[in-house]
Amino acid sequence: MKKIITSVIILVLIASITVFALNAFPQPEADKKFTKNGDVDYSGSIELVDAMMMFRFTAGKDTFDTFTVKVGDLDKSGKIELSDTMKVFRCVAGKEKLPIFPLFDDQPMEYDPETEYFTPKTEQEKLIEEPQFKDFEMQVRGSEVVVIEYKGNGGQVVIPNEVTRIEAMAFYYKTNVEKIIIPDTVTHIGSQAFAGCLNLISINIPASVTTIDMRAFNCCTKLENIDIPSTVDLRAWDAFSGCYALKNPVFTNNITNIEYRMYYYCTALSSVVVPTGITYIDKEAFAYSSITEITIPSSVTGSDSTAFKECKSLALIKGVKGSYAETLATSLGIAFEEVK
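Below is the structure:
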């Protein structure tokens, strides 16, 4: 086979070649890694193609027709086809032309630099192939190293130090997880990142975290306490809903409203002190919780009628006399205690 290819290469130097036909049959998409010059990794998403092409070789008055049938690789842009055995074929402006160089099985895969489709792997891309990431589906976005999904066996989970972002639903209903250790390189925790971790009992939030999206801890039923730095931008909508074991409420500096269902069904909550600066208590914020008393500052000027829905244990509201806290106590028919 190599002997035939060698003769074709000689003809290329002295002859013209015409492509008469091309039939390509796309196969499922795949990710591949290539090597250029033996030491630099190149990667890209490609589509496998069964390609049949007929060539006519012309040298003077002599012609020779041949078919080639093989599996090739076609990138998404449709501009370059990479054979996995003998040649590289390039498509330009819709016209199929004979390729620029031959390729043998024992040579490193090359690419056409004009396409710039296959690009060198970044240090982060090489990093996520290391053993410490084996339990995670990872992604690199520029300088960010992102956990897409946890796929390990649970118990104590140590997130690698190189991670900067935990994506939405990364640990969603990973019921085998009991403890999560987050490094101080993480800056963002996505929506529902830990929702449904039914056996999670411990998690740390480092000071490096700047944002936690909504529902991040929804239905973490065994989580008793969570310390979130006051500087975190906590999107509190439905944040701790269904955290049956949560004993202490969490408020960060950015919170001005106790959001919708923030502490919904938090049946271990008993006493709550709302920090100064909160202005409103939203729908079902404490609904079905077991709070017995709540201290409400004068900065609170209103609440939704369902904010304390089915809070059957609520017996006392503390606050400044003449403030909304006293009005609320009266409307709910429970005792009011003045705080000076």
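One rule links them: number in the numbering used here = place in the sequence shown (from 1) + 88.
No residue lacks a Cβ here, since even glycine has one placed at the ideal position from N, Cα and C.
Buried versus exposed call for residue i [16 or more other C-beta atoms within 10 Å across all chains shown]
i, result
"Gln-280", "buried"
"Ala-423", "exposed"
"Pro-337", "buried"
"Gly-230", "exposed"
"Pro-219", "exposed"
"Asp-272", "exposed"
"Asp-161", "Because Asp-161 sits at a pLDDT of 40, beneath the cut-off of 50, its placement in the model cannot be relied upon, and the following sentence gives the value as read from the coordinates. By the neighbour-count rule (16 or more Cβ atoms within 10 Å), Asp-161 is buried."
"Glu-372", "buried"
"Tyr-352", "buried"
"Lys-335", "exposed"
"Asn-433", "In the structure as shown, the chain starts at 89 and stops at 428, and residue 433 therefore has no counterpart that could be examined."
"Gly-249", "Reading the sequence as shown, one finds Asn at residue 249 and not Gly. That one is exposed."
"Ile-269", "exposed"
"Gly-330", "buried"
"Ser-391", "buried"
"Leu-393", "The question names Leu, but residue 393 in the sequence shown is Ser. When all chains shown are included, Ser-393 counts as exposed."
"Ser-419", "exposed"
"Leu-416", "buried"
"Gly-284", "buried"
"Thr-173", "For Thr-173, the pLDDT reaches just 28, beneath the cut-off of 50, and the residue's location in the model is therefore unreliable, leaving the point undetermined."
Identity of the residues DSSP links to residue i by a beta bridge
i, result
"Lys-267", "Gln-244, Ser-290"
"Asp-321", "Thr-299"
"Glu-424", "Before going further, note that residue 424 is Phe rather than Glu in the sequence given. BP columns for Phe-424 point to Ile-405."
"Gln-227", "Val-234"
"Arg-349", "DSSP, once it has assigned bridges, lists no residue as partnering Arg-349."
"Ile-254", "Val-235, Ile-277"
"Ile-446", "The requested residue 446 does not occur in the structure, where the chain is confined to residues 89 to 428."
"Ser-391", "Ile-369"
Residue i vs residue j beta-carbon contact at 8 angstroms
i, j, result
"Phe-259", "Val-251", "no"
"Val-320", "Ile-293", "yes"
"Ile-405", "Val-388", "no"
"Ile-300", "Leu-286", "no"
"Ala-295", "Ile-277", "no"
"Thr-364", "Ala-333", "no"
"Ala-356", "Ile-343", "no"
"Ala-375", "Lys-397", "yes"
"Ala-433", "Ile-384", "The structure shown does not extend to residue 433, since the chain is modelled only from 89 to 428, so the question has no answer here."
"Ile-444", "Val-233", "Past the boundaries of the shown model lies residue 444; the chain is included only from 89 to 428, so the question cannot be answered."
"Asp-70", "Asn-306", "What is shown of the chain runs 89 to 428, which leaves residue 70 out entirely."
Where residue i sits in the DSSP three-state scheme
i, result
"Ala-356", "coil"
"Phe-221", "helix"
"Gln-212", "helix"
"Glu-232", "strand"
"Leu-136", "Because Leu-136 sits at a pLDDT of 38, beneath the cut-off of 50, its placement in the model cannot be relied upon, and the following sentence gives the value as read from the coordinates. Reduced to three states, the DSSP call for Leu-136 is strand."
"Glu-381", "strand"
"Thr-364", "strand"
"Ser-479", "As displayed, the chain neither begins before 89 nor continues past 428, which places residue 479 out of reach and without an answer."
"Asp-326", "coil"
"Ala-413", "helix"
"Phe-177", "For Phe-177, the pLDDT reaches just 31, beneath the cut-off of 50, and the residue's location in the model is therefore unreliable, leaving the point undetermined."
Nearest-angstrom beta carbon gap, residue j and residue i [assumed within contact, 8 angstroms]
i, j, result
"Thr-362", "Ile-346", "According to the sequence displayed, residue 362 carries Val and not Thr. At roughly 7 angstroms, the Cβ-Cβ gap stays under 8 angstroms, so Val-362 and Ile-346 are in contact."
"Phe-33", "Met-350", "The question about residue 33 has no answer here: the residues shown for the chain are numbered 89 through 428."
"Ser-318", "Thr-298", "Contact flag wrong, Cβ pair sits at about 12 angstroms."
"Val-246", "Tyr-238", "Not a contact, Cβ separation roughly 11 angstroms."
"Val-235", "Gln-212", "That belief does not hold up - the Cβ atoms of Val-235 and Gln-212 are roughly 13 angstroms apart, past 8 angstroms."
"Gly-407", "Val-427", "6 angstroms"
"Lys-267", "Ile-289", "7 angstroms"
Chain B contact for residue i (CB, 8 angstroms cutoff)
i, result
"Thr-418", "Although the question refers to chain B, the structure presented lacks it and comprises just one protein chain."
Proximity test, residue i beta-carbon vs the ligand NAP heavy atom, cut-off 7 angstroms
i, result
"His-276", "The model on display carries no ligand, and the ligand NAP is accordingly not part of it."
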